[in-house]
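Quick note on numbering that gives the first Met the number 0: the sequence shown kicks off at 0 and runs consecutively. Beneath this line is the structure, given in structure tokens, with notes to follow.
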Amino acid sequence: MVGHGHRLSLAKLERRYGTSTACAILREGIAAYEFTTRLIASEHIDAQFARVGRFRGCATSADYEENAREAERVRNEVGIPVEIVPKSEQHREIVSDGYMGGVVFPTHGGLHPGLFHAGLLSAARQAGAAVLGYTPAFSIEGRGNERRVVTTRGAIRASEIVLATNGYTQRPSRAHARRLLPIPSFLIATEPLGANRVRAAIPNGRMIVETRSKHLYFRPSPDGDRIILGGRAALHPIGLAEAATWLNS
């Protein structure tokens with residue numbers, strides 16, 4: 000799923016940081032999303048990107064009322080396109096009656112992460128990057144233009160270094176590791192259901208998230224044949240078997 004979703008409401012961000020900073024935080028998410036979609040287009044990456052929108056299902060009436068108020072504010076004050084969907088109309092987004100309505104972010108979308116990664120790798124190589132797979136970096140030594148990256152296959156000298164790893168990376172930059180909070184997230188997929196059944200369950204092919212504290216999210220697979228479901232099974236590392244039990248419960 001790709002978009003510019005935010006967990007804290009604009010009102011809660013305002014109370015913490017003030018109106019100006021709160022709006023700037025939301026606009027930073029928009030900028031990140033627009034950067035990603037421009038990159039896909041400019042590098043001609045076949046990531047099966049589709050701007051299908053995202054539906055946020057509200058678990059309770061109170062959640063719905065809060066999200067509806069939030070939708071009005073971010074639409075008028077930040078310029079984020081968002082649509083309010085009452086419970087009486089939510090079947091146009093999802094066949095389930097498990098939500099009390101929700102909101103739709105129509106500009107959000109989904110992509111095939113494996114193809115996206117492969118496209119980025121190809122673009123880097125075409126730009127002249129030398130890629131060394133299966134080569135963990137342990138430390139970065141030196142200063143200025145005299146840097147030395149120590150890896151499992153020896154040391155590399157470089158005048159410039161770009162850190163482009165994910166939020167779970169602990170090394171080689173401890174300074175960045177202190178600024179990131181990795182949260183384990185796990186995915187499971189249904190057996191093949193057939194495109195007709197998947198489309199019947201999620202008529203518009205949306206990315207689906209919800210307000211429940213369980214933080215589940217799901218979507219049609221890129222080929223439209225399955226439903227992929229993910230969730231934050233814990234805030235600490237756990238085994239796959241435990242995560243599967245939690246996601247299936």
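Built from N, CA and C at the ideal position, the CB exists for glycine as well.
Are the Cβ atoms of residue i and residue j separated by less than 9 Å?
{"i": "residue 51", "j": "residue 81", "result": "no"}
{"i": "residue 8", "j": "residue 69", "result": "yes"}
{"i": "residue 159", "j": "residue 148", "result": "no"}
{"i": "residue 99", "j": "residue 133", "result": "no"}
{"i": "residue 171", "j": "residue 151", "result": "no"}
{"i": "residue 108", "j": "residue 53", "result": "yes"}
{"i": "residue 207", "j": "residue 2", "result": "no"}
{"i": "residue 317", "j": "residue 231", "result": "Since the displayed the chain opens at 0 and closes at 248, residue 317 lies outside it and no answer follows."}
{"i": "residue 162", "j": "residue 175", "result": "yes"}
{"i": "residue 202", "j": "residue 91", "result": "yes"}
{"i": "residue 146", "j": "residue 129", "result": "no"}
{"i": "residue 204", "j": "residue 219", "result": "yes"}
{"i": "residue 189", "j": "residue 58", "result": "no"}
Ordered along the chain, which non-local residues of its own chain (more than five positions away) have a Cβ less than 6 Å from that of residue i?
{"i": "residue 44", "result": "118"}
{"i": "residue 77", "result": "22, 25"}
{"i": "residue 85", "result": "100"}
{"i": "residue 167", "result": "181"}
{"i": "residue 83", "result": "67, 70, 102"}
{"i": "residue 0", "result": "109, 206"}
{"i": "residue 155", "result": "148"}
{"i": "residue 106", "result": "80"}
{"i": "residue 228", "result": "187, 217"}
{"i": "residue 200", "result": "94"}
Does the CB of residue i have a neighbour CB from chain C at under 9 Å?
{"i": "residue 10", "result": "The structure shown has no chain C; it contains just one protein chain."}
Using three-state DSSP, classify residue i as helix, strand or coil.
{"i": "residue 227", "result": "strand"}
{"i": "residue 210", "result": "coil"}
{"i": "residue 219", "result": "strand"}
{"i": "residue 172", "result": "coil"}
{"i": "residue 187", "result": "strand"}
{"i": "residue 97", "result": "coil"}
{"i": "residue 130", "result": "coil"}
{"i": "residue 109", "result": "strand"}
{"i": "residue 41", "result": "helix"}
{"i": "residue 193", "result": "coil"}
{"i": "residue 179", "result": "coil"}
{"i": "residue 90", "result": "helix"}
{"i": "residue 247", "result": "helix"}
Using a Cβ-Cβ cutoff of less than 7 Å, which residues in the same chain neighbour residue i once the five nearest sequence positions on both sides are dropped?
{"i": "residue 72", "result": "9"}
{"i": "residue 47", "result": "110, 111, 114, 221"}
{"i": "residue 250", "result": "Limits of the chain in this structure are 0 at one end and 248 at the other, which puts residue 250 out of reach."}
{"i": "residue 179", "result": "166"}
{"i": "residue 252", "result": "There is no way to answer for residue 252, as the model of the chain reaches only from 0 to 248."}
{"i": "residue 191", "result": "224, 225"}
In the DSSP output, what is residue i paired with across the bridge?
{"i": "residue 50", "result": "According to DSSP, residue 50 bridges with nothing at all."}
{"i": "residue 102", "result": "55, 83"}
{"i": "residue 1", "result": "108"}
Closer than 8 Å by C-beta to residue i: which residues in its own chain qualify, once you throw out the five before and the five after it? Chain order, please.
{"i": "residue 234", "result": "182, 183"}
{"i": "residue 39", "result": "46, 48, 110, 115, 118"}
(request) Tell me the start and end of each unbroken alpha helix (DSSP H) in the segment 135–172 that is at least 4 residues and wholly inside, in chain order. (result) none
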